[in-house]
């Protein structure tokens, strides 16, 4: 957070990180943008780096493989993340992105009719 604040030209104030939502969003948004740039625009890798740190993601890419090269499916890579918290974080955010894209596009949710004999 300190490095991001310096990059943005704003003072780093530790207590504001948890007490000032606008400050937190400002720094967090920049950090996520930095992670997106570092990992070539991959939201999945950037989210993993946001949660677990970019150095860990780089190590995982070396150890598990890099899904950006087409030899490993991104879903398989996500499921191979060794930290359950990070794996779940990436999965939940990607799921939410799909839902909100549909809602923002005005598509709403498609409902499935109840099975015969059920209501």
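Residue numbers (the working numbering): -2 to 116.
Built from N, CA and C at the ideal position, the CB exists for glycine as well.
Tell me where the alpha helix (DSSP H) around residue i begins and ends.
| i | result |
| --- | --- |
| residue 128 | This structure gives no information on residue 128, because the portion of the chain shown stretches from -2 to 116. |
| residue 4 | -1 to 5 |
| residue 33 | 18 to 35 |
For residue i, which of helix, strand or coil comes out of DSSP?
| i | result |
| --- | --- |
| residue 12 | helix |
| residue 44 | helix |
| residue 95 | helix |
| residue 79 | coil |
| residue 101 | helix |
If we count the other Cβ atoms within 10 Å of its Cβ and call it buried at 16 or more, is residue i buried or exposed?
| i | result |
| --- | --- |
| residue 18 | exposed |
Do you know whose CA, among the options, lies nearest residue i's CA?
| i | options | result |
| --- | --- | --- |
| residue 73 | 5, 11, 47 and 41 | 41 |
| residue 61 | 29, 77 and 82 | 77 |
| residue 20 | 34, -2, 31 and 36 | -2 |
| residue 3 | 90, 23 and 98 | 23 |
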